[in-house]
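Encoded as structure tokens, the structure appears first; notes follow it.
There are 2 protein chains.
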Amino acid sequence: MGTKTKKEPEAAAATATGPGAATQLTPGARRILDAASTLFYERGITAVGVDLIAKEAGTTKKTLYDRFGGKDALITAYLHERDLRWRAWLTSWVDTHAAGGGQSGAGEPLLATFDALAEWMRQHNPRGCGFVNAAAELPDPAHPARRVITEQKRWLRGYLYELSVAAGAHDPDELADGLALLHEGAVVLRGLSVVDDPVGAARALAAQTLERALTPPCAAGPPVADTPPHGR
Amino acid sequence: MGTKTKKEPEAAAATATGPGAATQLTPGARRILDAASTLFYERGITAVGVDLIAKEAGTTKKTLYDRFGGKDALITAYLHERDLRWRAWLTSWVDTHAAGGGQSGAGEPLLATFDALAEWMRQHNPRGCGFVNAAAELPDPAHPARRVITEQKRWLRGYLYELSVAAGAHDPDELADGLALLHEGAVVLRGLSVVDDPVGAARALAAQTLERALTPPCAAGPPVADTPPHGR
DNA sequence: GGCCAGGTAAACCGATCGGTCTACCTGGCC
DNA sequence: GGCCAGGTAGACCGATCGGTTTACCTGGCC
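Here it is, written out as structure tokens:
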């Protein structure tokens, strides 16, 4: 094989590396990724074939394989970009909606994350969390997209932890875990018509939790044993 | 198309109707359903083909189609049986572990549901909730298995509601919603290595919530506005 | 003009998909 | 013995899967 310029699909850079790498894409690649994002989320990853993606994007499989290298890389790119969008959405929402004078105190940014989630889901989330769905369809732990999925969840927990510390929680780890639980639960229960307003319920429960987590531990906390019967 | 005895795959009864219908199955059908359950859960529904299921069960596709009628019905039967197992597990656990003198009061049965969940997942749940995963792979709302999925979630919420009423919660609806949220969140976050002990965290948060939900509303509740900024 | 990245069009590959079919064997029941 | 449900074995169907290949067109840049 000569030293020609072929080989190594360039968009592979968008799959695993730099944050802004997903921005500059060939027009064809852009349409492919957009089409793939919609189809993967709405119909499922394994249920959507590359032929359909290419057709829907108005291109051919050739372009798809030239730009992305394969379906797995395209899946990874889809999740990566979705992750970037969600992070940007959440942080900018929190920055704008909780920066001013929140009347409910230091926990305002943490509560705002639930409002951001509600609006995000209202706009583009009728089928639950794209990452949880993807994880369901990609059992292989070695699949490159798995890293993107776990990173997304880990980032949210980390973000909630930062906000918890900033809010002055006396156990930011516990608070972040609890709020992460509520986030995931709300996303899952939405779409499955079992709870009327899952995000609202999660926010209400979060407000209760916050109230307790932000008051000094000596204030009103009864000395209940918080260790479950079977320990650990 | 005479009036012969062919037609109408019998196991279709196990897909949509009666609760105990899944019990009496042909030996071959039993092996097929067992194999399908394992494969569907561990590798994903769309990723597993009927050929593999038949081979793994030591039968042929002929038997599979004779007994179940098609892949969709087999999927439905898989979810239905898993649902039955989970309900039996949860209720029997709560009955045996919370019937006696729970020292933490009337909320004991509700807390016990989290212990039941923890043990259930420890035994057979490395890949998250089979129903959530299935929902991710079956976008079509008309798919027969969707009914089983939503029924499973609805049942859990209903069960939590009953226990909440029995515990004397002054807002059993709100409590059931909150606990359902924690259940789902715990199941999702397990397997995605982001929180050390999701079920434990959920249980701890549930204990806090219970404490508040079971005390009279006039006790210590500050009159904070529980309406989010943007209402609803 | 030459070069080349980017793209379109379409044939092609082996494998697998869900599903059907014929043929034959077995054991129990009437 | 006849009948039949249940099962095994395996060929077969059209469609689609992920992926590769050849050929040709286009516009910009040197």
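Residue numbers (my numbering), protein chains in the order written: chain U, 1 to 232; chain C, 233 to 464. The beta-carbon is built from N, C-alpha and C at its ideal position, and this holds for glycine as well.
Just measuring C-alpha positions, the residue of U/190, U/179 and U/196 sitting nearest residue 208 of chain U is U/179.
When the five nearest sequence neighbours on each side are left out, the beta carbons in the same chain lying within less than 6 Å of the beta carbon of residue 322 of chain C are those of 348, in order along the chain. Apart from the 5 residues on each side of it in sequence, residue 152 of chain U sits with its Cβ closer than 6 Å to the Cβ of 83 and 131 in its chain, given in chain order. From the listed residues C/375, C/437 and C/267, the smallest Cα separation to residue 414 of chain C is found for C/437.
Fewer than three beta-carbon pairs drawn from the region 158-178 of chain U and the region 358-373 of chain C are found closer than 8 Å, and the two stretches are therefore not classed as touching. For the region 413-427 of chain C, the set of positions with a beta-carbon nearer than 9 Å to some beta-carbon of chain U reads 413, 414, 415, 416, 417, 418, 419, 420, 421, 423, 424, 425, 426 and 427 in chain order. Considering only beta carbons, no part of the region 291-318 of chain C lies closer than 7 Å to chain U. With a threshold of 16 other beta carbon atoms within 10 Å, residue 37 of chain U meets it and is buried. In this structure the region 274-282 of chain C lies against the region 134-145 of chain U, because at least three pairs of beta carbons, one per stretch, are closer than 8 Å.
Taking 7 Å as the CB threshold, residue 409 of chain C lines the interface with chain U. At a cut-off of 7 Å between C-beta atoms, residue 328 of chain C does not count as an interface residue with respect to chain U. Residue 201 of chain U and residue 409 of chain C have their alpha carbons spaced roughly 7 Å apart. Between residue 125 of chain U and chain C, the shortest Cβ-Cβ separation is not below 7 Å. For residue 326 of chain C, the closest C-alpha among the options C/281, C/282, C/388 and C/292 is that of C/388. Around the Cβ of residue 447 of chain C, a 10 Å sphere holds fewer than 16 other Cβ atoms; the residue is exposed. Per the C-alpha coordinates, the member of C/382, C/260, C/324 and C/400 positioned closest to residue 296 of chain C is C/260. Contact of residue 122 of chain U with chain C by beta-carbon distance below 7 Å is absent, the smallest such distance being about 10 Å.
Here residue 88 of chain U is not near residue 199 of chain U, since their CB atoms are 7 Å or more apart.
Per DSSP, the continuous alpha helix (DSSP H) segment holding residue 149 of chain U begins and ends at 144-167. Judged by DSSP in its simplified three-state form, residue 446 of chain C adopts helix. Taking the Cβ atoms as the reference, residue 150 of chain U lies roughly 6 Å from residue 424 of chain C, within the contact range of under 8 Å.
The C-beta of residue 107 of chain U has 16 or more other C-beta atoms within 10 Å across all chains shown, which makes the residue buried. For residue 357 of chain C, there is no enclosing alpha helix (DSSP H), as DSSP marks it with neither H nor E. Within the region 197-211 of chain U, 197, 198, 200, 201, 202, 203, 204, 205, 207, 208, 209 and 211 place their CB atoms closer than 8 Å to a CB of chain C, listed in sequence order. Judged by beta-carbon spacing, residue 50 of chain U lies within the 7 Å limit of residue 71 of chain U, meaning their Cβ atoms are closer than that value. Residue 139 of chain U has a beta carbon lying within less than 7 Å of a beta carbon in chain C.
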